[in-house]
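Student: Listed in order, the protein sequences are those of chains A and B. Note that our numbering has the first sequence beginning at 3, numbered continuously upward. Note that our numbering has the second sequence beginning at 5, numbered continuously upward.
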Amino acid sequence: EAGVTQFPSHSVIEKGQTVTLRCDPISGHDNLYWYRRVMGKEIKFLLHFVKESKQDESGMPNNRFLAERTGGTYSTLKVQPAELEDSGVYFCASSQDGVGYTEAFFGQGTRLTVV
Amino acid sequence: LAKTTQPISMDSYEGQEVNITCSHNNIATNDYITWYQQFPSQGPRFIIQGYKTKVTNEVASLFIPADRKSSTLSLPRVSLSDTAVYYCLVGDRERPKSGGSYIPTFGRGTSLIVHP
Chain A
3 EAGVTQFPSH SVIEKGQTVT LRCDPISGHD NLYWYRRVMG KEIKFLLHFV KESKQDESGM
63 PNNRFLAERT GGTYSTLKVQ PAELEDSGVY FCASSQDGVG YTEAFFGQGT RLTVV
Chain B
5 LAKTTQPISM DSYEGQEVNI TCSHNNIATN DYITWYQQFP SQGPRFIIQG YKTKVTNEVA
65 SLFIPADRKS STLSLPRVSL SDTAVYYCLV GDRERPKSGG SYIPTFGRGT SLIVHP
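Listed below in C-alpha cells is the structure:
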C-alpha cells in the first residue's frame, strides 16, 4: 500500500510567485493534516481536513495560504504570493476516520525555498 | 492539549539502551501518550503509543508510571540508524466531538545522536 505522497519534494521560487503543493493521503483516510517546519523551529500545525471539509484551520498563517481537498481525496496547499518567511518544509499527514489521534502517517515533506 | 517537556538532545553509543523521558504533568484522563521518530529529510513516523503501565513492540518499549505524569521511551541496543529526533505527544484518542478536532501536536523533540 502506498504511503502519503507529496509533490514536489523541493521547490525554489522567487518572492511574489505562486506555489502549489500537493498531498495524496493513504487511500481511505478521512483525516488529512498539513504541517510546516521552519528551520530551527518546531513542526507547526496548519490545518485539518475531514474528508473534503476543513475541520480546523487555526494554524494557517494568513490569507496568502489556501488549502483545498477536492472530493475528499488529494489536497493542495497554495501560497500566493509567496514571501521569504514562507520557506520551510511542509508536511502532510493522514489518518483513518474514527481513529483520530492514534497514528498519523506522514509524507516525506516538500521543502519550499523562497528567494 | 497537555504540554510536554523532553530533553533537547541526548548522545549514546552503539549497543547501549537509550531512555528518553517526557514530562506531561497536566495529562488528562482520556489522553494517550504517543511517540514519533523523525529522520532528517523525512516526515515523522509513529513508533509507539500507550495509556498506562508498559507497552512493547518490535521497535521500542514505553513505560508509564501510575500517575501518568511522565513516560519513558526505551530503545534497546541502539544503532547508528537510530539517530533521529524523537517526539512525545499527548492527546485524546477518541473521535472528535462536534466542532472539535484532535491534532497531533509536536514540541521540540529530543535529538538523539548515536556514536560508533
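We put the beta carbon where it would ideally sit given N, CA and C, even for glycine.
Thinking C-alpha only, which one of A:Ile28, A:Ile15, A:Ser11 and A:Ile45 is nearest Tyr91 of chain B?
Tutor: Nearest C-alpha to Tyr91 of chain B: A:Ile45.
Student: According to DSSP, which residues form a beta bridge with Arg49 of chain B?
Tutor: DSSP, once it has assigned bridges, lists B:Gln41 as partnering Arg49 of chain B.
Student: How long is the line joining the alpha carbons of Ser16 of chain B and Leu79 of chain B, rounded to whole angstroms?
Tutor: Between Ser16 of chain B and Leu79 of chain B, the C-alpha separation is close to 11 Å.
Student: Just checking: is the beta-carbon of Lys101 of chain B within a distance shorter than 8 Å of some beta-carbon in chain A?
Tutor: Low confidence applies to Lys101 of chain B: its pLDDT is 47, below 50, so where it sits in the model is not reliable enough to give any reading.
Student: State the beta-bridge partners of Phe9 of chain A as determined by DSSP.
Tutor: Phe9 of chain A pairs with A:Arg24.
Student: Which residues, in order along the region 58-92 of chain A, keep a beta-carbon less than 8 Å from a beta-carbon of chain B?
Tutor: Result list: Asp58.
Student: Per DSSP, what are the beta-bridge partners of Asn33 of chain A in this structure?
Tutor: BP columns for Asn33 of chain A point to A:Val52 and A:Ser97.
Student: What are the residues in the region 26-58 of chain A lying within 7 Å of chain B by C-beta distance?
Tutor: Answer in chain order: Tyr35, Glu44, Ile45, Phe47, His50, Gln57 and Asp58.
Student: Have a look at Cys94 of chain A and Asn29 of chain B and give me their C-alpha separation to the nearest angstrom.
Tutor: Cα to Cα, Cys94 of chain A sits roughly 29 Å from Asn29 of chain B.
Student: Within 8 Å of any Cβ in chain A, is that where the Cβ of Pro11 of chain B sits?
Tutor: Answer no: the Cβ-Cβ gap between Pro11 of chain B and chain A never drops below 8 Å.
Student: Kindly indicate which residue of B:Gln41, B:Thr87, B:Ala70 and B:Ser45 has the alpha-carbon position closest to the one of Gln20 of chain B.
Tutor: Per the Cα distances, B:Thr87.
Student: Going by DSSP, name the residue or residues bridged to Leu79 of chain B.
Tutor: The partner list for Leu79 of chain B (beta bridge, DSSP) reads B:Val22.
Student: Report the neighbours of Gln110 of chain A on chain B: residues whose CB is nearer than 7 Å to its CB, in chain order.
Tutor: What Gln110 of chain A touches in chain B: Gln46 and Gly47.
Student: List, in chain order, every chain A residue whose beta-carbon is nearer than 7 Å to that of Gly111 of chain B.
Tutor: The contacting residues are Glu44.
Student: Any chance the region 22-40 of chain A sits against the region 64-82 of chain A, with 3 or more Cβ pairs inside 8 Å?
Tutor: Yes, the region 22-40 of chain A is in contact with the region 64-82 of chain A.
Student: Is Gly54 of chain B helix, strand or coil by DSSP?
Tutor: Residue state, collapsed to three classes: strand.
Student: Please classify Thr109 of chain B: does DSSP put it in a helix, a strand, or coil?
Tutor: Coil.
Student: For a cutoff of 8 Å on Cβ pairs, would you count His12 of chain A as touching chain B?
Tutor: Chain B, which has no Cβ nearer than 8 Å to the Cβ of His12 of chain A, makes this no.
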